[in-house]
Amino acid sequence: MFYILVLLSTIMVAYAEIDKRPVVHLPPIVLNVVKEAASDCIKETGANQEVADNFFKLIFGSDLPSKKFLYCLCRKTNYGDEDGHLNDGLLTLFAGSDRKDDVQKVLENCNKSKDKTNVNTMYQTVMCFYKNTPVLLAL
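In mature numbering (1 follows the signal peptide of the UniProt record, and there is no 0), the protein residues as written are -16 to -1, 1 to 123.
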């Protein structure tokens, strides 16, 4: 078990070195809202705790329970709409960033995605945003 933790820690440090994007930390009040919503979404979607834990590590599963959890979480925090797109309210989290305009452009571009279901649309939108945003959110 110890060796697994060391390996995971090494991978996380290596990833942090690769991804040099600036980081914006969620304010504690927002983080508490996200944690409460995550707890509710575990119950509502039937996702397991690992799905929530992975979300807080910015690991987004592509399986259906993970996608449903992500959709639920975005809806409950009001950062996502019913159609599976991210709301402009998300931009308030980047208010202190000098890259806010670039973040907005990425948000607008990613919100053009559309899939067969709103759950899949949300997954695609979030993945696009996470991959392309010039500033990362730290949970």
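For glycine and all other residues, C-beta sits at the position ideal for the given N, C-alpha and C.
Asked: In chain order, which continuous runs of the alpha helix (DSSP H) of length 4 or greater are located wholly inside the stretch 43 to 114?; Found: 48 to 60 and 84 to 94
Asked: Going by Cα to Cα distance, which pick from 92, 27 and 82 is closest to residue 54?; Found: 27
Asked: Out of curiosity, what's the CA-to-CA distance linking residue 8 and residue 82?; Found: 11 Å
Asked: Please classify residue 50 as buried or exposed, where buried requires at least 16 neighbouring CB atoms within 10 angstroms.; Found: buried
Asked: Distance check for residue 61 and residue 20, CA to CA, integer angstroms please.; Found: 9 Å
Asked: Spell out the partners DSSP gives residue 7 in its beta bridges.; Found: 120
Asked: If you count every other CB in all the chains shown that lies within 10 Å of the CB of residue 124, and 16 or more means buried, which is it?; Found: Because residue 124 is not part of the residues shown, which for the chain are -16 to 123, the question remains open.
Asked: Can you list, in chain order, the residues of its chain whose CB lies under 6 Å from that of residue 74, leaving out five sequence neighbours each side?; Found: 63
Asked: Once DSSP output is grouped into helix, strand and coil, what is the label at residue 41?; Found: coil
Asked: By how many angstroms is the C-alpha of residue 14 removed from the C-alpha of residue 103?; Found: 23 Å
Asked: Could you have a look at residue 16 and say whether DSSP puts it in helix, strand or coil?; Found: helix
Asked: Would you mind sorting residue 36 into buried or exposed? The rule is 16 or more other CB atoms within 10 Å of its CB.; Found: buried
Asked: So residue 29 and residue 69 are supposed to be a Cβ contact under 8 Å. How far apart are they, rounded?; Found: With 8 Å as the limit, residue 29 and residue 69 do not qualify as a contact, their Cβ atoms being about 19 Å apart.
Asked: Do you know whose CA, among 10, 117, 107 and 43, lies nearest residue 88's CA?; Found: 117
Asked: Does the distance from the CB of residue 22 to the CB of residue 77 come in under 7 Å?; Found: no
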